[in-house]
Every structure is written in structure tokens, then in C-alpha cells.
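Here the sequence shown is numbered in my numbering, starting from -4 and rising by one per residue. No residue lacks a Cβ here, since even glycine has one placed at the ideal position from N, Cα and C. Encoded as C-alpha cells, the structure appears first; notes follow it.
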Amino acid sequence: MSAQAALRAALVKALRADAELVALTGGERVHDGAPRGAVHPFIELGALVSRPLLSSAEEGEEHEAEILVHSRKDARGEVAALMAAAREAVLAGVEGFLDGHVLVNAGAIDERSERLADGRTWRGRLRLRLVSEPAE
């Protein structure tokens, strides 16, 4: 399995396994691409960009992962709480779900929240940098 596919699966598993996120969303509402009509609040994986760390992927890869959170509360507080919990869930737990690869570095790049054009939905975007190497 490619590092990107393994990481994508590990991100979903780590987010779904987090009790705080389950409590904040009111259920298992983590999606790899949100289904149409998803119940709010929910979390979805956004873009995942991977590139070789050195000259080839066999020497390790750098990944930029995007986690999107969606809320329909009046203010952005729920989005902020979801992003904080998602960041902790990923940084503390993703390595335990990573199949065939080892996570050697992980950290947050940035976070942002904004109201969408519909005027009632807040979206938060958490970007993470993760570095993986093939397991030996």
C-alpha cells in the first residue's frame, strides 16, 4: 500500500477512534469525502498532498494533510473545539493506525475558520505536515 493510501486510512481511523470527537460530533461523523446531506457537525478529510522527502519515496515522504470540520452553530466555537480535538487525535494517535509505514514527524501547519457562502455553515481547515518512512 502506498504511503498516501496508508496515511489516509490511518487519519480516518485515528479520528473515528477518538472519544472526544465522537462526543463533540454526536456520533461517528468522520468521512473521507463527506456524503451529500451529511449531518452537522462533521469532519472530513480534504486534500492530501505527498512528495518524496529525498530523491525517492522509498527514502520517505512528506505529506500535507487537510482536515475540514463543519458546523451550523451561530458562532465558530464548535468549529474551534472540533479542530483542536482533531489536531490532538491525529498527532497523538495516527501512528498507531499507520500500516506498513512509520511516522517520523508530525505537526500542525495552520488552522483557519470561515463562514461559508450559505450564511449558516462554518468550516474550519486544519493543515498538518506528516513525514513517513517505509516500515522495515
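Per the C-alpha coordinates, the member of Ala101, Phe92, Arg107 and Asp94 positioned closest to leucine 86 is Ala101.
Counting the other CB atoms within 10 Å of its CB gives leucine 49 a total below 16, which places it among the exposed residues. The way I'd put it, the region 65 to 85 does touch the region 117 to 127; three or more beta-carbon pairs between them come closer than 8 Å. DSSP, read as helix, strand or coil, puts glutamate 57 in strand.
Taking a 10 Å sphere around the C-beta of arginine 24, we find 16 or more other C-beta atoms and assign the residue as buried.
Ranking Ile104, Val44, Leu43 and Thr20 by CA distance to the CA of arginine 82 puts Ile104 first. Listed in chain order, the non-local C-beta contacts of glutamate 39 below 6 Å within the same chain comprise His26, Ala29 and Leu63, local neighbours out to five positions each way being set aside. Excluding five sequence positions before and after methionine 78, the CB atoms of its chain that fall closer than 7 Å to its own CB belong to Val64, Glu106, Gly119 and Leu121, given in chain order. Under the 10 Å beta carbon count, leucine 93 is surrounded by 16 or more other beta carbons and is classified as buried. Exposed is the label assigned to valine 44, since fewer than 16 other Cβ atoms lie within 10 Å of its Cβ. For alanine 101, the enclosing beta strand (DSSP E) has its first and last residue at 96 to 110.
The secondary-structure analysis by DSSP pairs phenylalanine 37 across a beta bridge with His65.
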